[in-house]
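2 protein chains.
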Amino acid sequence: MPLVNQQWILKKRPVGLLKPSDLECRTSDVPPLKDGECLVKVKYLAMDPATRGWMGESGGYVDPLPLDGPVMGVTVGEVIESRNPAIGKGMIVAGVGPWAKYIVVGPKGISPLRSGDLGVLAPMDTSTGHDLPVYLHALGTSGGTAYYGLMTIAAMKPADKVLVSAAGGSVGSLACQFAKLKGASKVVGIAGGAAKCRVVKELYGCDAVIDYKSAGSIAAKIKAEFPDGLDVYFDNVGGETLEAALDNLAKNARIAICGMISQYNAPDERGVRNLWNLLVREARIEGFLVSSWFGSPECEAAYREIDGWLKSGRLNATLDIRDMFGDIANAYNLLFTGGNRGRLIVRAPD
Amino acid sequence: MPLVNQQWILKKRPVGLLKPSDLECRTSDVPPLKDGECLVKVKYLAMDPATRGWMGESGGYVDPLPLDGPVMGVTVGEVIESRNPAIGKGMIVAGVGPWAKYIVVGPKGISPLRSGDLGVLAPMDTSTGHDLPVYLHALGTSGGTAYYGLMTIAAMKPADKVLVSAAGGSVGSLACQFAKLKGASKVVGIAGGAAKCRVVKELYGCDAVIDYKSAGSIAAKIKAEFPDGLDVYFDNVGGETLEAALDNLAKNARIAICGMISQYNAPDERGVRNLWNLLVREARIEGFLVSSWFGSPECEAAYREIDGWLKSGRLNATLDIRDMFGDIANAYNLLFTGGNRGRLIVRAPD
Numbered sequence: 112m113p114l115v116n117q118q119w120i121l122k123k124r125p126v127g128l129l130k131p132s133d134l135e136c137r138t139s140d141v142p143p144l145k146d147g148e149c150l151v152k153v154k155y156l157a158m159d160p161a162t163r164g165w166m167g168e169s170g171g172y173v174d175p176l177p178l179d180g181p182v183m184g185v186t187v188g189e190v191i192e193s194r195n196p197a198i199g200k201g202m203i204v205a206g207v208g209p210w211a212k213y214i215v216v217g218p219k220g221i222s223p224l225r226s227g228d229l230g231v232l233a234p235m236d237t238s239t240g241h242d243l244p245v246y247l248h249a250l251g252t253s254g255g256t257a258y259y260g261l262m263t264i265a266a267m268k269p270a271d272k273v274l275v276s277a278a279g280g281s282v283g284s285l286a287c288q289f290a291k292l293k294g295a296s297k298v299v300g301i302a303g304g305a306a307k308c309r310v311v312k313e314l315y316g317c318d319a320v321i322d323y324k325s326a327g328s329i330a331a332k333i334k335a336e337f338p339d340g341l342d343v344y345f346d347n348v349g350g351e352t353l354e355a356a357l358d359n360l361a362k363n364a365r366i367a368i369c370g371m372i373s374q375y376n377a378p379d380e381r382g383v384r385n386l387w388n389l390l391v392r393e394a395r396i397e398g399f400l401v402s403s404w405f406g407s408p409e410c411e412a413a414y415r416e417i418d419g420w421l422k423s424g425r426l427n428a429t430l431d432i433r434d435m436f437g438d439i440a441n442a443y444n445l446l447f448t449g450g451n452r453g454r455l456i457v458r459a460p461d
Numbered sequence: 112m113p114l115v116n117q118q119w120i121l122k123k124r125p126v127g128l129l130k131p132s133d134l135e136c137r138t139s140d141v142p143p144l145k146d147g148e149c150l151v152k153v154k155y156l157a158m159d160p161a162t163r164g165w166m167g168e169s170g171g172y173v174d175p176l177p178l179d180g181p182v183m184g185v186t187v188g189e190v191i192e193s194r195n196p197a198i199g200k201g202m203i204v205a206g207v208g209p210w211a212k213y214i215v216v217g218p219k220g221i222s223p224l225r226s227g228d229l230g231v232l233a234p235m236d237t238s239t240g241h242d243l244p245v246y247l248h249a250l251g252t253s254g255g256t257a258y259y260g261l262m263t264i265a266a267m268k269p270a271d272k273v274l275v276s277a278a279g280g281s282v283g284s285l286a287c288q289f290a291k292l293k294g295a296s297k298v299v300g301i302a303g304g305a306a307k308c309r310v311v312k313e314l315y316g317c318d319a320v321i322d323y324k325s326a327g328s329i330a331a332k333i334k335a336e337f338p339d340g341l342d343v344y345f346d347n348v349g350g351e352t353l354e355a356a357l358d359n360l361a362k363n364a365r366i367a368i369c370g371m372i373s374q375y376n377a378p379d380e381r382g383v384r385n386l387w388n389l390l391v392r393e394a395r396i397e398g399f400l401v402s403s404w405f406g407s408p409e410c411e412a413a414y415r416e417i418d419g420w421l422k423s424g425r426l427n428a429t430l431d432i433r434d435m436f437g438d439i440a441n442a443y444n445l446l447f448t449g450g451n452r453g454r455l456i457v458r459a460p461d
């Protein structure tokens, strides 16, 4: 009797928050493998803001996902059958794959190195002995994104004063901790609501936290924390918060644009009015995609460093694992409604 | 009988274009020199967009010029009397000084190196034998700004595709030519009006020119010139043109922000809505001030290279010299009304 797959299909391009009716859970038999293919049993699916862009008209930074095709996201699974000689049964693979219970992977769907390409999985070295979801977080895309953005794009140096938005989120919570571990003199996180702000301060090592949902201007709150300006801003949100950060730059400040979550569900992107401050402060804004960094020697060295921090207990890599595969649209929306704590991961059905 | 000075005083902070009534030409006797002072007879005053910022409430990137004090700008003159042992009579000095016929310079007003500080002049090596106004242009702040912005901030490489706004202006016209001389595969200038566009193409070596005043979207015109995107944008104007450039970035593009002339007379700065493209294209925007570069070995090497281009006839360093000291507000406004051709310079009265 063949295995039965369950796969989430994009039926409509979402407007605003994802609606359950934008997706359809399609059931089908897993076909017999052809030569060169292997079969992956998905274990965990990470929920990423980037997927929201891929589901839209523009695609964000890739071609938009086709309608009536699978929704894609960062995932980890185990090879349970293989007709690809390079891929052995029992191997753990990770990458950007469909939101599904099983994935049939052709020879072009396997990369020797970590890849950010859609539909491409790479063998994952799990010899460092962590639980699988950790390879979707601190030792996966989130950790890579936080490290690359902070250390290479924003060129953080010891004693820098660092601001991180979406500090309660997957990438933001790691960026805050990496900044402290790498010697920042002050790290301030931005998050929404008293409960989330407490987590940011207590678990993620921020020296202070700004609640963007409480009264008062964000720019004034940033100024209160950094009266002489900030050196690095790790930006996950864009829009009004980016503008507030631009009002508070120290000379030669660097802003790394990791994402713009405030804009993904907005019909019209808000203009940023004060780019003039880049000139006044001789500062820069730079956008990045972690996929450009995967496979570099810096990438491998970073993961070794992060592994060390995890093992010494110096890094709090909070996982928020949900059994919500059957209700995945609502699981996904937790990213945008502030309902998750740390890396949001959905467990695939057994 | 003492010499009689004429000096332009800022009476009101201008709103929109500078009005003659915002300024006052004050006449006074030049006082006898004290120990350590020297007297400079101003020869030429360069008209710079930056001065418009200094005259406003915010000052732009410096403290705003005080009301009832002198208007300041880049100037060159000759020392005609000295009680400073380091400064000899006949020496040529340049820097940011008052819009005046004579300047009394104290010991703190003389720098051994080129300076961007207000009120500080530096001895100028004129041994390369050019006319004095050239030291306000290709061999002065304009040339330095164009070279530093293009080669260091935007990190232009041979074969890059380069876009320059305000390409008919002082800095822009040099940036276009430097880009070609340094091996850009295509250089496109943006300017306003058919006459100015012709100059940009014929005199400043652009491969193509975009007339922002003619019908149609600037973004579409940029796309027609760079179907695969641009590598470098040298931005003098900000606002809508910056947004259009952001829509047309190649991967890893670099934008150098030199100025935002479109915003200086605008009551509300226009927001730039598409910074998301920085992430999609892994690109950066960086602002700069040439004063940070003055005195560096790169600066001196750049001026040697520019001098060589001038002497070999490969550089068209157009000067627009006006005898308008008595009507300086209207001379200055030519920068914003598109009335100048190349570096706008006012000759000081004899």
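If you read the protein sequences in the order shown, they are chains A and B.
First residue of the first sequence: 112, per the working numbering; consecutive thereafter.
First residue of the second sequence: 112, per the working numbering; consecutive thereafter.
All C-beta atoms in this analysis are idealised placements derived from N, C-alpha and C, irrespective of residue type, glycine included.
N- and C-terminal bounds of the alpha helix (DSSP H) containing residue i
{"i": "Arg309 of chain A", "result": "Ala305 to Leu314"}
{"i": "Glu409 of chain A", "result": "Pro408 to Lys422"}
{"i": "Val457 of chain A", "result": "Run containing Val457 of chain A: none in the alpha helix (DSSP H); it sits in the beta strand (DSSP E), Arg454 to Arg458."}
{"i": "Glu354 of chain A", "result": "Gly350 to Leu357"}
{"i": "Ser284 of chain B", "result": "Ser281 to Leu292"}
Backbone secondary structure at residue i - three-state DSSP
{"i": "Ser276 of chain A", "result": "coil"}
{"i": "Ile329 of chain B", "result": "helix"}
{"i": "Arg163 of chain A", "result": "helix"}
{"i": "Pro378 of chain B", "result": "Low per-residue confidence applies at Pro378 of chain B: pLDDT is 46, beneath 50, and the placement is therefore not dependable enough to give any value."}
{"i": "Leu121 of chain B", "result": "strand"}
{"i": "Glu198 of chain B", "result": "What sits at residue 198 of chain B in the sequence shown is Ile, not Glu. Looking at Ile198 of chain B - three-state DSSP - the assignment turns out to be coil, as it is neither helix nor strand."}
{"i": "Phe405 of chain B", "result": "coil"}
{"i": "Phe447 of chain A", "result": "helix"}
{"i": "Phe345 of chain B", "result": "strand"}
{"i": "Val126 of chain A", "result": "coil"}
{"i": "Asn116 of chain B", "result": "strand"}
{"i": "Ala442 of chain B", "result": "helix"}
{"i": "Ala249 of chain B", "result": "coil"}
{"i": "Pro338 of chain A", "result": "coil"}
{"i": "Ala157 of chain A", "result": "strand"}
{"i": "Asn427 of chain B", "result": "coil"}
{"i": "Ala265 of chain A", "result": "coil"}
{"i": "Pro143 of chain B", "result": "coil"}
{"i": "Thr239 of chain B", "result": "coil"}
Boundaries (first-last residue) of the beta strand (DSSP E) holding residue i
{"i": "Phe399 of chain B", "result": "Counting along the chain, Phe399 of chain B falls outside any beta strand (DSSP E), and DSSP gives it neither H nor E."}
{"i": "Asn363 of chain B", "result": "Leu360 to Ile368"}
{"i": "Val215 of chain B", "result": "Tyr213 to Val216"}
{"i": "Pro175 of chain A", "result": "Where Pro175 of chain A is concerned, there is no enclosing beta strand (DSSP E), given that its DSSP letter is neither H nor E."}
{"i": "Thr138 of chain B", "result": "Leu134 to Asp140"}
{"i": "Ser193 of chain B", "result": "Met183 to Ser193"}
{"i": "Val298 of chain B", "result": "Lys297 to Ala302"}
{"i": "Asp430 of chain A", "result": "The amino acid occupying residue 430 of chain A in the given sequence is Leu; Asp does not appear at that position. Run containing Leu430 of chain A: Leu430 to Arg433, per the beta strand (DSSP E) assignment."}
{"i": "Ala319 of chain A", "result": "Ala319 to Asp322"}
Bridge partners - residue i, DSSP secondary structure assignment
{"i": "Lys152 of chain A", "result": "A:Glu189 and A:Tyr213"}
{"i": "Leu229 of chain A", "result": "A:Val207"}
{"i": "Pro234 of chain A", "result": "A:Val204"}
{"i": "Val383 of chain A", "result": "B:Val383"}
{"i": "Ile462 of chain A", "result": "Nothing in the structure corresponds to residue 462 of chain A, since chain A is present only between 112 and 461."}
Contact under 8 Å by Cβ, residue i with residue j
{"i": "Val299 of chain B", "j": "Val320 of chain B", "result": "yes"}
{"i": "Ala356 of chain A", "j": "Asp339 of chain A", "result": "no"}
{"i": "Val204 of chain A", "j": "Met235 of chain A", "result": "yes"}
Integer-rounded CB distance, given that residue j should sit under 8 Å from residue i
{"i": "Phe289 of chain A", "j": "Tyr258 of chain A", "result": "6 Å"}
{"i": "Cys149 of chain B", "j": "Val190 of chain B", "result": "5 Å"}
{"i": "Val151 of chain B", "j": "Leu232 of chain B", "result": "7 Å"}
{"i": "Ser276 of chain A", "j": "Val348 of chain A", "result": "5 Å"}
Taking a Cβ distance cut-off of 7 Å, strictly less, list which residues of the segment 239-268 of chain B are near chain C, in chain order. Any reference to chain C falls outside this structure, whose protein chains are A and B.
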